[in-house]
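Going by the numbering used here, the first residue of the sequence shown is number 48, and it counts up by one from there. Using N, Cα and C, we set each Cβ at its ideal position, and we do this for glycine too. Single-structure report; data block below.
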Amino acid sequence: MKRPVSLLILFLAFSLAHPARAGEVIVAVAANFVAPMQTLAAGFQQETGHKLVLSPGPTGSFYAQIKNGAPFDVFLAADSATPARLEAEGGVVPGSRFTYAIGTLALWSAKKDFVDDRGEILQKGAFSHLSIADPQKSPYGAAAVETLRKLGRYDALRPRFVTGNSIAQAHQFVITGNAKLGFVSLSQIVRDGKLTGGSIWIVPDNLHEPILQDAALLKKGRDNPAANALLQYLKGPKAASIIESYGYRLPRE
């Protein structure tokens, strides 16, 4: 007996909307990229049916976790050095690593008109505490230290540091008032190209090394189709639009 056409159409529509082999991807994601990744995850899951499990944290801490067998499939780092090191040590599938975003460092205060657009507040020193991410764990913290050294202000301002375990905690210190200003990722304070509040100085690129953020397929995710699909999705135009809307730049061929 022939199957009714209407039932066949319904079956095909359901199959396309809900892939029969939908999988799960466990993603180690750098603290600065959590907000855009949550937006990306929603689109990816809707398009593919695959489920993403996000585990946020400092890039430096992820290195040790991955080396100790943490069950991550994909690594979205805040730098390029850590994934490259893991690849050299056999923890990353060869050829899978690529730059998915270029971060922007910003000096930010939750107080309006407190930070000027040239960063001269760092020279005037009209503040008691400066929030910064741990430079040993966070590329953004390392970039902040490099910036202060080039400005000749590192030694003078170091006693005022309030150091966060990650860039997320450094951002939180400013929000809660533990520090009047701090170095954060632009993505934490910008939505659709607009500052969400407070005052800001976008640190010029020539004051620190580029913050190249690399993605990589980890050894555990080698045979996971969902993990491979996620990395392809991150290279696509939909992902690019979302990533840029959070204040990141994209690598150009």
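What's the C-alpha gap between P272 and G70?
By 1-based counting over the sequence shown, the position of residue 272 is 225. By 1-based counting over the sequence shown, the position of residue 70 is 23. Straight-line Cα distance between these residues: approximately 7 Å.
By DSSP, does V121 sit in helix, in strand, or in coil?
Counting from one through the sequence shown, the residue named residue 121 turns up at place 74. Looking at V121 - three-state DSSP - the assignment turns out to be strand.
Which term fits A226, buried or exposed, when burial requires 16 or more other beta carbons within 10 angstroms of its beta carbon?
By 1-based counting over the sequence shown, the position of residue 226 is 179. Flag for A226 reads buried.
T243 by DSSP, collapsed to three states: which one?
Locating residue 243 in the sequence shown gives position 196, counting from the first residue. Correct three-state label for T243: coil.
Close-in-space but distant-in-sequence residues of the same chain around A89 (CB under 6 Å, 5 per side omitted)
Taking the sequence shown and counting its residues from 1, one reaches residue 89 at position 42. Cβ contact annotation for A89 (same chain, cutoff 6 Å, sequence separation greater than five): none.
Euclidean distance between Cα positions of A111 and D181
Numbered from its first residue, the sequence shown carries residue 111 at position 64. Numbered from its first residue, the sequence shown carries residue 181 at position 134. Approximately 16 Å, taken between the alpha carbons.
Just how far apart, CA to CA, sit F119 and A78?
Counted from its first residue, the sequence shown places residue 119 at position 72. Counted from its first residue, the sequence shown places residue 78 at position 31. About 15 Å.
Nearest-angstrom Cα distance between G166 and G137?
Mapped onto the sequence shown, residue 166 falls at position 119. Mapped onto the sequence shown, residue 137 falls at position 90. Here the C-alpha atom of G166 lies approximately 42 Å from the C-alpha atom of G137.
Would you please state the rounded distance, in angstroms, between the beta carbons of L152 and T86? I believe it to be under 8 Å.
The residue given as residue 152 occupies position 105 in the sequence shown. The residue given as residue 86 occupies position 39 in the sequence shown. Between the beta-carbon of L152 and that of T86 there is about 22 Å, and that puts the pair past the 8 Å contact cut.
Cβ-Cβ distance between Y80 and L123 below 7 Å:
For this step, residue 80 is matched to residue 33 along the sequence shown. For this step, residue 123 is matched to residue 76 along the sequence shown. Reading off the sequence, residue 80 comes out as Phe, not Tyr. Closer than 7 Å, so yes.
What would DSSP say about T146, mapped onto helix, strand or coil?
The residue labelled residue 146 in the question sits at position 99 within the sequence shown. Note: T146 maps to strand in three-state DSSP.
Rounded C-beta distance between I290 and A148? I'm assuming under 8 Å.
As a position in the sequence shown, residue 290 is number 243, starting the count at 1. As a position in the sequence shown, residue 148 is number 101, starting the count at 1. Confirmed, about 5 Å.
Which whole-angstrom value is the C-beta distance of L278 and L264, which I expect to be below 8 Å?
In the sequence shown, counting from the first residue as 1, residue 278 sits at position 231. In the sequence shown, counting from the first residue as 1, residue 264 sits at position 217. Right, the Cβ-Cβ distance comes to about 6 Å (below 8 Å), so this counts as a contact.
Closer than 8 Å is the cut-off here; do at least three beta carbon pairs connect the stretch 239-250 with the stretch 155-164?
Segment contact: the stretch 239-250 against the stretch 155-164, three or more CB-CB distances shorter than 8 Å; contact assigned.
From P284 to Q260, what distance separates their C-alpha atoms?
Here residue 284 corresponds to residue number 237 of the sequence shown, with the count starting at 1. Here residue 260 corresponds to residue number 213 of the sequence shown, with the count starting at 1. For P284 and Q260, the distance between alpha carbons rounds to 18 Å.
Can you pull the DSSP bridge partners for K184?
Here residue 184 refers to the residue found at position 137 when the sequence shown is read from its first residue. According to DSSP, which records beta bridges pairwise, K184 is partnered with nothing at all.
How many whole angstroms separate the CB atoms of Y295 and G150, which I take to be in contact at a CB cut-off of 8 Å?
Against the sequence shown, residue 295 aligns to sequence position 248. Against the sequence shown, residue 150 aligns to sequence position 103. Sure, about 6 Å apart at Cβ, within 8 Å.
Backbone CA spacing between L177 and F208 [nearest angstrom]:
Residue 177 sits at position 130 when you count from the first residue of the sequence shown. Residue 208 sits at position 161 when you count from the first residue of the sequence shown. Our two residues, L177 and F208, have alpha carbons roughly 5 Å apart in a direct line.
How about A131 and P186: are their beta carbons less than 7 Å apart?
Indexing the sequence shown from 1 puts residue 131 at position 84. Indexing the sequence shown from 1 puts residue 186 at position 139. A distance of 7 Å or more separates the beta carbons of A131 and P186.
Boundaries (first-last residue) of the beta strand (DSSP E) holding T210
Here the question's residue 210 lines up with position 163 in the sequence shown. Going by DSSP, T210 is part of the beta strand (DSSP E) stretching over F208 to G211.
DSSP bridge partner residues for F230 (one or two, in chain order)
For the purposes of this step, residue 230 is taken as the residue at position 183 of the sequence shown. Looking at the DSSP assignment, F230 forms a beta bridge with L154.
Helix or strand or just coil, what does DSSP make of V162?
Position 115 of the sequence shown, counted from the start, is the residue given in the question as residue 162. It is coil, neither helix nor strand.
Which of the three DSSP states, helix, strand or coil, is assigned to E94?
Residue numbering aside, residue 94 sits at position 47 when the sequence shown is read from its first letter. Helix at E94.
In chain order, what residues of the same chain lie with their CB nearer than 8 Å to the CB of A157, ignoring the 5 residues before and after it?
Walking along the sequence shown from the start, residue 157 turns up at place 110. Cβ within range, chain order: V221, I222, G224, G244 and G245.
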